[in-house]
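Asks: First the structure, then my questions, so here it is.
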Amino acid sequence: MKQRIFIMLFACLLLSGCTGGLLAGDSSKQGSSETVNSGDAESKPPKDEAIHTATLFAAGDNLIHDVIYEQALRRTQNKGYNFLPVYENMNAQIAAADISFINQEAPIAKGFPPSSYPRFNAPTQLAGDLKTLGFDVVNIANNHILDKGLQGLTETIDILRSTQGLTMIGAYQSEKEYDTTTLIAKNGIKFAFLGFTQHTNGLRLPDENAGMLVYTDELEAIERQITAARKVADVVVVSVHWGEEGMKQTTLYQQNIAKHFAQYGADIVIGTHPHVLQPIEYVDGADGHKALVFYSLGNFVSAQVDPENLIGGIAKITVQKNDTTGKISVIDPKLSVVITHFGLGFHDLKLYPLADYTDELAEKHGVVLKYGKWFDTKFIKNFVEEVIDKQFIE
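Throughout the sequence shown, residue numbering follows mature numbering (1 follows the signal peptide of the UniProt record, and there is no 0), covering -24 to -1, 1 to 370 in sequence.
This is how it looks when you write it as C-alpha cells:
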C-alpha cells in the first residue's frame, strides 16, 4: 500500500502543484489562523495592508491512566465518564485560542474496555469531552496508538471523525486520505496539520495496512507530505512523537529529524513523547526559512509520579499574515506551564496553570505526601528555566 501511496503522491506533486486539500473548515471559535515561517515580527506594515492574526494553543500528551478514567466514572455514579473537571482550570485558555491542539496518547476504541499501562485504551466519552473543552485538532500518531491493534486504530479514527468539530490527524484509512492535506482555515489563513511518530512500541500494522501511519524514518514520505502541504497552506504544522522518555535533553535523532522538517518546509513542529519538557528553538531550513520547534511539551494530563512528569507545557503561538505580501510572521511564541495536581491516592486529579499554583497546594500533592519527593513552585520554576530558554517562557 505504501508504494502505491508514494507513487500517487508524487504524481500529485508533479501535476498542478498539488493544489487540492481537505478543508476541515472553521470551528465554532472566533478568531484567525496561524502561520509560522521566520521570527521577523518587529516590522510594522503600512496602514493600508491587511494583516490577519491568529493564535495556536498546543498541549502535550493526554495520557489517561486508570485512576483518571475511574474518577471520571465515579463522577457519573457509574453511568458514563465525565473528564471535564480534570481540565476545568484550563478551559478558558483552550477555548480562547483560534486553534487548539492536543496529542491523544492512547486509542479511544469502543470495542475494548478502558485500560491503562502498558496497553492503553480511553473511554469513548473522552472524544466528546475534548471537543466540549474547545480542542480542534487531535493527533493520534504516537507510540500507544497500536495498543489495541488495527481494530483499536480504526475505531479511534472513527470516533474522532464522528465527533463534530474535531479534526483528527496522524492516521489514514485510504490512499486518497494519505495523499490529501488536512487544512483548517482561520481568518483567511490556511493551516496544514500532519502527524508522524518515531515508533509504536514494537507493534506493527499488517503489511496491507502499513500506510495508515507514517514513521519518522520514512523521510521520503515525510518530505512528500510536507511539500504537498506547503503548496496549499499558509502554515504547515507538524506533530511528531519522538525522543526518549524522561529525558529533558534532545537526542541527536530528534535534532536530525527537526532539520529535515525545516528543510522540507515545516513552519511549526510540536513534539511529544518524552513526558517531560524539552527545549524550544528555531531550526534553519532552506532559503532563510526557519521552523519553530517545540521538542517536547511534556504531559498535559497523566498520573505519573515523577515530579518532572507533572510539569507540562502549552505552546502559545501568535501568527500574522500580510495579505499584500503573503508574508507569515511568528509573534513572540511562548511556553505556558501547566501542573498536574492530585492528592493521596491520586484523589481529585486536575490541572492548574502555574500562575494559579501555590506552595500550599504543592504541600498536599500526592508525590509529596506518599513518595516524599520535592515538589513546590521553586522546584517547578527551576526545572522550567533549566530546560527552556527564557525568551520562550511566559
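All C-beta atoms in this analysis are idealised placements derived from N, C-alpha and C, irrespective of residue type, glycine included.
In this text, all values refer to a predicted model and were calculated from it rather than measured experimentally.
So who's on the other strand from Ala147, going by DSSP bridges?
Replies: Along the sequence shown, one-based indexing puts residue 147 at 171. Answer is none; Ala147 lacks a bridge partner.
Asks: On the CB-based measure, 16 or more other CB atoms within 10 Å of its CB, does Thr31 come out buried or exposed?
Replies: Stepping through the sequence shown from its first residue, residue 31 is reached at position 55. With 16 or more other Cβ atoms within 10 Å, it is buried.
Asks: Restricting to runs no shorter than 4 residues, where is the alpha helix (DSSP H) found entirely within the segment 324 to 366?
Replies: List check, alpha helix (DSSP H) in window: 335 to 339, 342 to 345 and 353 to 363.
Asks: Terminal residues of the continuous alpha helix (DSSP H) containing Val252?
Replies: Reading the sequence shown from its first residue, position 276 is the one you call residue 252. Unbroken run through Val252: none, as it is neither H nor E.
Asks: For residue 371 versus Thr139, is the C-beta distance shorter than 7 Å?
Replies: Nothing can be reported for residue 371, as the shown portion of the chain is limited to -24 through 370.
Asks: Please return the same chain residues whose Cβ sits closer than 8 Å to the Cβ of Gln333, not counting the five positions on each side in sequence.
Replies: The residue given as residue 333 occupies position 357 in the sequence shown. Per the sequence shown, the amino acid found at residue 333 is Tyr instead of Gln. Result list for Tyr333: Ile315, His317, Thr353 and Ile356, in chain order.
Asks: Can you tell me whether Thr52 is buried or exposed, with buried defined as 16 or more other CB within 10 angstroms of its CB?
Replies: Position 76 of the sequence shown, counted from the first residue, corresponds to residue 52. That one is exposed.
Asks: Following the continuous beta strand (DSSP E) through Ala72, name the residue where it begins and the one where it ends.
Replies: Within the sequence shown, the letter at position 96 stands for residue 72. From DSSP, Ala72 is part of no beta strand (DSSP E) but of the alpha helix (DSSP H) over Asn67 to Ala72.
Asks: Exposed or buried, which one is Ser150 when buried takes at least 16 other CB atoms within 10 Å?
Replies: Translated into the one-based positions of the sequence shown, residue 150 becomes position 174. Answer is exposed; the Cβ neighbour count stays below 16.
Asks: Report yes or no: do three or more beta-carbon pairs, one from the segment 204 to 213 and one from the segment 238 to 257, lie closer than 8 Å?
Replies: In short, these stretches touch, since the Cβ pair count reaches three.
Asks: Since Leu159 contacts Phe167 with CB under 8 Å, what's their CB separation in whole angstroms?
Replies: For the purposes of this step, residue 159 is identified with residue 183 of the sequence shown, where counting begins at 1. For the purposes of this step, residue 167 is identified with residue 191 of the sequence shown, where counting begins at 1. Right, their Cβ atoms sit about 7 Å apart.
Asks: With H, G and I counted as helix, E and B as strand and the rest as coil, what does DSSP make of Thr29?
Replies: Here the question's residue 29 lines up with position 53 in the sequence shown. Strand, per DSSP.
Asks: Going by CA-CA distance only, name the one from Phe172, Leu181, Gln254 and Glu221 that's closest to Ile202.
Replies: The count along the sequence shown starts at 1 and reaches residue 202 at position 226. The option with the nearest alpha carbon to Ile202 is Phe172.
Asks: What is the rounded straight-line gap between the Cα of Thr156 and the Cα of Phe237?
Replies: Taking the sequence shown and counting its residues from 1, the one referred to as residue 156 is at position 180. Taking the sequence shown and counting its residues from 1, the one referred to as residue 237 is at position 261. Each residue's Cα considered, the two are about 18 Å apart.
Asks: Consult DSSP for Glu257 and reduce its assignment to one of helix, strand or coil.
Replies: Position 281 of the sequence shown, counted from the start, is the residue given in the question as residue 257. In the structure shown, Glu257 sits in a strand (DSSP, three-state: E or B).
Asks: Use the C-beta contact count for Asn54: other C-beta atoms within 10 angstroms, 16 or more gives buried, fewer gives exposed.
Replies: As a position in the sequence shown, residue 54 is number 78, starting the count at 1. Exposed, because fewer than 16 other Cβ atoms sit within 10 Å of the Cβ of Asn54.
Asks: Inspect the beta-carbon positions of Pro90 and Tyr45 and report whether they are closer than 7 Å.
Replies: Translated into the one-based positions of the sequence shown, residue 90 becomes position 114. Translated into the one-based positions of the sequence shown, residue 45 becomes position 69. A contact, by the Cβ cut-off of 7 Å.
Asks: Going straight from the alpha carbon of Gly264 to that of Ala204, what length do you get?
Replies: Counted from its first residue, the sequence shown places residue 264 at position 288. Counted from its first residue, the sequence shown places residue 204 at position 228. Gly264 and Ala204: Cα-Cα distance of roughly 20 Å.
Asks: The beta strand (DSSP E) spanning Leu268 covers which residue range?
Replies: Within the sequence shown, the letter at position 292 stands for residue 268. That run of the beta strand (DSSP E) goes Lys266 to Phe270.
Asks: Can you look up His175 in the DSSP assignment and give me helix, strand or coil?
Replies: As a working note, residue 175 is residue 199 in the sequence shown. In this structure, His175 counts as coil in the three-state DSSP scheme.
Asks: What span of residues does the alpha helix (DSSP H) with Ile198 cover, start to end?
Replies: In the sequence shown, the residue the question calls residue 198 occupies position 222. Looking at the DSSP string, the run of the alpha helix (DSSP H) that includes Ile198 is Leu195 to Val208.
Asks: Using the three-state DSSP reduction, which class does Ile290 fall into: helix, strand or coil?
Replies: For the purposes of this step, residue 290 is identified with residue 314 of the sequence shown, where counting begins at 1. Three-state result, Ile290: strand.
Asks: Given a threshold of 16 other Cβ atoms within 10 Å of its Cβ, counted over all protein chains shown, does Pro309 qualify as buried or as exposed?
Replies: Position 333 of the sequence shown, counting from 1, holds the residue named residue 309. Buried.
Asks: Looking at the strands, I want to know which residues DSSP matches up with Lys166.
Replies: The residue given as residue 166 occupies position 190 in the sequence shown. Per DSSP, Ala161.
Asks: At what residue ranges does the segment 62 to 130 contain a whole run of the beta strand (DSSP E), taking only runs of 3 or more?
Replies: For the segment 62 to 130, whole beta strand (DSSP E) runs of length 3 or above, ordered along the chain, are 75 to 80 and 113 to 115.
Asks: Do you know whose CA, among Glu153, Gln127, Asn115 and Thr130, lies nearest Thr143's CA?
Replies: Here residue 143 refers to the residue found at position 167 of the sequence shown. Minimum Cα distance to Thr143 is reached at Asn115.
Asks: Tell me the residue span of the beta strand (DSSP E) that contains Phe322.
Replies: As a position in the sequence shown, residue 322 is number 346, starting the count at 1. Taken as a continuous stretch (DSSP letters only), Phe322 belongs to no beta strand (DSSP E), as it is neither H nor E.
Asks: So what's Lys303 in DSSP terms, helix, strand or just coil?
Replies: Start at 1 with the first residue of the sequence shown, and residue 303 comes out as number 327. Coil.
Asks: Determine whether the beta carbon atoms of Asn38 and Ile75 lie at a separation below 7 Å.
Replies: Reading the sequence shown from its first residue, position 62 is the one you call residue 38. Reading the sequence shown from its first residue, position 99 is the one you call residue 75. It is not a contact, given that the beta carbons lie outside the stated cut-off.
Asks: Using DSSP with H/G/I as helix, E/B as strand and the rest coil, what is His217?
Replies: On the sequence shown, residue 217 is found 241 positions in, with the first residue counted as 1. His217 falls in the strand class under three-state DSSP.
Asks: Thinking just about the alpha-carbon of each residue, which of Phe33, Leu345 and Ala98 is nearest to the one in Asp42?
Replies: The sequence position of residue 42 within the sequence shown is 66, counting from 1. Ranking Phe33, Leu345 and Ala98 by Cα distance to Asp42 puts Ala98 first.
Asks: Kindly indicate which residue of Lys346, Asp134, Ala73 and Ser215 has the alpha-carbon position closest to the one of Gly104.
Replies: What you label residue 104 is simply residue 128 of the sequence shown in a count that begins at 1. Nearest C-alpha to Gly104: Asp134.
Asks: Gly348 and Leu320 look like a contact to me (Cβ under 8 Å); what is the Cβ gap, rounded to whole Å?
Replies: Here the question's residue 348 lines up with position 372 in the sequence shown. Here the question's residue 320 lines up with position 344 in the sequence shown. The Cβ separation is near 13 Å, so there is no contact.
Asks: In angstroms, rounded to a whole number, what distance separates the CA positions of Tyr154 and Val214?
Replies: In the sequence shown, counting from the first residue as 1, residue 154 sits at position 178. In the sequence shown, counting from the first residue as 1, residue 214 sits at position 238. Computed Cα separation, rounded: 15 Å.
Asks: For Ala234, does the three-state DSSP call read helix, strand or coil?
Replies: Locating residue 234 in the sequence shown gives position 258, where the first residue counts as 1. Three-state DSSP puts Ala234 in a helix.
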